[in-house]
Amino acid sequence: MQNRVPLIAGNWKMHKNCSEAESTAEELVKLVSDVKNVDIMIAPSFVSLALVNKKINGSNISLGAQNIFWEKEGAFTGEISKDMLISAGCTYVIIGHSERRQYFNETDETVNKKIKTTLASGLKPVLCIGETEQERESKKTFSVLDKQIKNGLQSFILEDLDSLSIAYEPVWAIGTGKTATKEQAQEVHNFIRSLISKEFNSKLASAMRIIYGGSVKPDNISQLMNMSDIDGALVGGASLKSETFSKIVKFK
Ligand code: PEP
Numbered sequence: 190m191q192n193r194v195p196l197i198a199g200n201w202k203m204h205k206n207c208s209e210a211e212s213t214a215e216e217l218v219k220l221v222s223d224v225k226n227v228d229i230m231i232a233p234s235f236v237s238l239a240l241v242n243k244k245i246n247g248s249n250i251s252l253g254a255q256n257i258f259w260e261k262e263g264a265f266t267g268e269i270s271k272d273m274l275i276s277a278g279c280t281y282v283i284i285g286h287s288e289r290r291q292y293f294n295e296t297d298e299t300v301n302k303k304i305k306t307t308l309a310s311g312l313k314p315v316l317c318i319g320e321t322e323q324e325r326e327s328k329k330t331f332s333v334l335d336k337q338i339k340n341g342l343q344s345f346i347l348e349d350l351d352s353l354s355i356a357y358e359p360v361w362a363i364g365t366g367k368t369a370t371k372e373q374a375q376e377v378h379n380f381i382r383s384l385i386s387k388e389f390n391s392k393l394a395s396a397m398r399i400i401y402g403g404s405v406k407p408d409n410i411s412q413l414m415n416m417s418d419i420d421g422a423l424v425g426g427a428s429l430k431s432e433t434f435s436k437i438v439k440f441k
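Following this note's numbering, the numbering of the sequence shown begins with 190 at its first residue and continues without gaps.
Here it is as structure tokens:
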């Protein structure tokens, strides 16, 4: 890895009620207080955002949201706006997670609008991309990622993208216990960085954080982080317990 500060992010998905979220955050603050030079983010459910923010206030942990809607406000029942996320204390927004693509009709086009809104509001997007098992087996991994990146980032200009991170999350590795090997992950991360270089420029590509997600655990994080193009992790299941997640954060 070059001079990129690693990002280790915990996606709590639809887990934890308000008090569980508060206590996990409280524990995590203590467990990772000595960690330096790693950006740490947790993304609880919307109802816990403001509560968790109070617990992590002043710590080295940032708050992330699991989704955003692109309209400013209005009759959009069940959606959440950038102003709401900012007022709850968010810094990051996870966009285009494969579960949202799979279950909630998220497309590259909606992802594109969400990234636009996120960047315009000063929040930092984490764009999730990844191929299914079938796509990998039929050797479509690179073409799928190419499309997700080109369409997801369509019509952005270079200056827009400083705060964007990309999470490569092979769908077949999410919540399955199957992790991509470090070589498989490195190969794809390198492909993504080259594509960003081609589409935008090499300076942006070498500064951009490309993180890996898919059954990351305390016992596989170090080997992944040793690869030159892997700049962190997006962690689902193993982020739910503060102690386990803290071990991932302290991967060195
Ligand atoms: C995720 O939700 O982004 C994820 C990678 O989940 P898990 O770590 O459980 O595979």
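Built from N, CA and C at the ideal position, the CB exists for glycine as well.
Hey, quick one: how far does the beta strand (DSSP E) through residue i stretch, first residue to last?
{"i": "residue 438", "result": "Counting along the chain, residue 438 falls outside any beta strand (DSSP E), though it belongs to the alpha helix (DSSP H) covering 431-438."}
{"i": "residue 251", "result": "250-254"}
{"i": "residue 198", "result": "196-200"}
{"i": "residue 282", "result": "281-284"}
Less than 7 Å between the CB of residue i and some heavy atom of the ligand PEP, yes or no?
{"i": "residue 364", "result": "yes"}
{"i": "residue 227", "result": "no"}
{"i": "residue 315", "result": "no"}
{"i": "residue 358", "result": "yes"}
{"i": "residue 369", "result": "no"}
{"i": "residue 172", "result": "No statement about residue 172 is possible, as the shown extent of the chain runs from 190 to 441 and does not include it."}
{"i": "residue 427", "result": "yes"}
{"i": "residue 224", "result": "no"}
{"i": "residue 243", "result": "no"}
{"i": "residue 286", "result": "yes"}
{"i": "residue 155", "result": "Any question about residue 155 goes unanswered here, given that the chain covers just 190 to 441."}
{"i": "residue 311", "result": "no"}
{"i": "residue 256", "result": "no"}
{"i": "residue 404", "result": "yes"}
{"i": "residue 301", "result": "no"}
{"i": "residue 200", "result": "yes"}
Using the three-state DSSP reduction, which class does residue i fall into: helix, strand or coil?
{"i": "residue 273", "result": "helix"}
{"i": "residue 316", "result": "strand"}
{"i": "residue 232", "result": "strand"}
{"i": "residue 221", "result": "coil"}
{"i": "residue 338", "result": "helix"}
{"i": "residue 190", "result": "Annotation note: pLDDT 47 at residue 190 (below 50); position unreliable, coordinate value reported separately. Residue 190 falls in the coil class under three-state DSSP."}
{"i": "residue 355", "result": "strand"}
{"i": "residue 344", "result": "coil"}
{"i": "residue 208", "result": "helix"}
{"i": "residue 428", "result": "helix"}
{"i": "residue 444", "result": "Since the first and last residues shown for the chain are 190 and 441, residue 444 lies out of range."}
{"i": "residue 227", "result": "coil"}
{"i": "residue 258", "result": "coil"}
{"i": "residue 203", "result": "coil"}
For the alpha helix (DSSP H) that contains residue i, what are its first and last residues?
{"i": "residue 297", "result": "297-309"}
{"i": "residue 238", "result": "238-245"}
{"i": "residue 287", "result": "287-292"}
{"i": "residue 322", "result": "322-326"}
Just checking: is the beta-carbon of residue i within a distance shorter than 8 Å of some beta-carbon in chain B?
{"i": "residue 330", "result": "Given the protein chain composition of this structure (a single chain), no chain B is represented."}
Original post:
Taking only runs of the beta strand (DSSP E) that begin and end inside the stretch 361-424, which ones reach a length of at least 3 residues, in chain order?
Top reply: 398-402 and 421-424
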